[in-house]
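Structure first, then comments.
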Amino acid sequence: MIRVLVADDHQIVRDGLKRILAATSDLQLAGEAASGDEALALVRANDYDVGVIDMSMPGLSGLALVKRLKEEKPRLKLLVLSMHGEHQYAARALKAGAAGYLNKDSAAELLLGAIRKIAAGGMHVSEAAAAGLVSPTASHESLSDREFEVMKLLVEGLGPTEVGERLHLSVKTVSTHKTRILEKLGLKSTADLVRYALEHKLV
Numbered sequence: 000m001i002r003v004l005v006a007d008d009h010q011i012v013r014d015g016l017k018r019i020l021a022a023t024s025d026l027q028l029a030g031e032a033a034s035g036d037e038a039l040a041l042v043r044a045n046d047y048d049v050g051v052i053d054m055s056m057p058g059l060s061g062l063a064l065v066k067r068l069k070e071e072k073p074r075l076k077l078l079v080l081s082m083h084g085e086h087q088y089a090a091r092a093l094k095a096g097a098a099g100y101l102n103k104d105s106a107a108e109l110l111l112g113a114i115r116k117i118a119a120g121g122m123h124v125s126e127a128a129a130a131g132l133v134s135p136t137a138s139h140e141s142l143s144d145r146e147f148e149v150m151k152l153l154v155e156g157l158g159p160t161e162v163g164e165r166l167h168l169s170v171k172t173v174s175t176h177k178t179r180i181l182e183k184l185g186l187k188s189t190a191d192l193v194r195y196a197l198e199h200k201l202v
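Written out as structure tokens, the structure reads:
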């Protein structure tokens, strides 16, 4: 039996995943969390085979959460679920320690197949994600993981104070990251950053 931890801040998503897992004979929902901090606490206290982790949750989330979970339990296999396209985010998630990346639009059969595949030691990588791993070409590929997460939150409309609270950073540090992001991308303002993100389908 494959023990699965589901972490997503939306109850309806967790309920849907529970129903999908309940219809199988080899997969068991062994834990659920509504935030990254809850997921981390559960992983510290229990043993799971696979963690199905939402990319965007309150508290610790995204690439930082993937790295922390792998530090706590190196043998835990992580499948990242996200609303963002694979070709934009998958490469970073895999480099952070995830064994797979799946878009939330995917069919239930694909989700179950991905869970079974990574539980057996494999990786779930689409052709688009594999291309991103092999040949990163866009300017945003030069951003560090932290800069990438700061950029994502700024584009979503959060101010420096809110970004700092979400990522546990000082406002000064967020401002420094923002300056570096704009420099690396050759942009001058947050408005330019939003346009860049839209053009490259980062939102």
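Numbered per numbering that gives the first Met the number 0, the sequence shown spans residues 0 to 202. In this text, a Cβ means the ideal position worked out from N, Cα and C, and glycines have one as well.
Contacts around residue i, its chain only, beta-carbon distance under 6 Å, and the 5 residues preceding and following it disregarded
i    : result
L38  : Going by the sequence as given, residue 38 is Ala instead of Leu. The answer, listed in chain order, is A6 and A32.
M54  : G61, V79 and S81
A107 : I19
V42  : L68, E71 and K72
Neighbour-count burial assignment, residue i, 16 or more Cβ in a 10 Å radius
i    : result
G120 : exposed
D46  : exposed
H123 : buried
I11  : exposed
A44  : exposed
G163 : buried
A40  : exposed
L59  : buried
L201 : buried
Own chain partners of residue i with C-beta closer than 7 Å, once the 5 adjacent residues on each side are dropped
i    : result
M233 : Past the boundaries of the shown model lies residue 233; the chain is included only from 0 to 202, so the question cannot be answered.
L110 : I19 and L101
V118 : Strictly speaking, residue 118 in this sequence is Ala, with Val absent from that position. So the list reads I1, D48, V49 and K76, once near-sequence residues are dropped.
L142 : M150, I180 and K183
D8   : A33, S34, D53, M56 and P57
V173 : V149, P159, V162 and G163
When the options are compared against residue i, the one with the closest alpha-carbon
i    : options                   : result
R67  : Y88, A92, M122 and S81    : A92
M150 : Y195, I117 and A107       : Y195
R74  : H139, A98 and V193        : A98
D235 : K171, L4, A40 and S143    : For the chain, the structure presents residues 0 to 202; residue 235 sits outside this window and is missing.
K116 : A40, V51 and L153         : V51
S188 : L201, L153, G163 and T172 : L153
G112 : G15, R13 and T23          : T23
A190 : V162, V170 and E155       : E155
T175 : V193, R145 and L197       : R145
Residues bridged to residue i (per DSSP)
i    : result
K76  : V49
E108 : E108 pairs with nothing; no bridge assigned.
H123 : G99
A32  : A6
I1   : L26
S81  : N102
Neighbourhood of residue i by C-beta, 8 Å cutoff - its chain only, sequence neighbours within 5 removed
i    : result
G96  : V65, K66, L68, K69 and L77
E148 : G61, L62, A63 and L166
K103 : V12, L80, S81 and M82
Quiz prompt | beta strand (DSSP E) runs wholly inside the region 145 to 192, at least 3 long, in chain order | solution = Listed in chain order, there is nothing to give.
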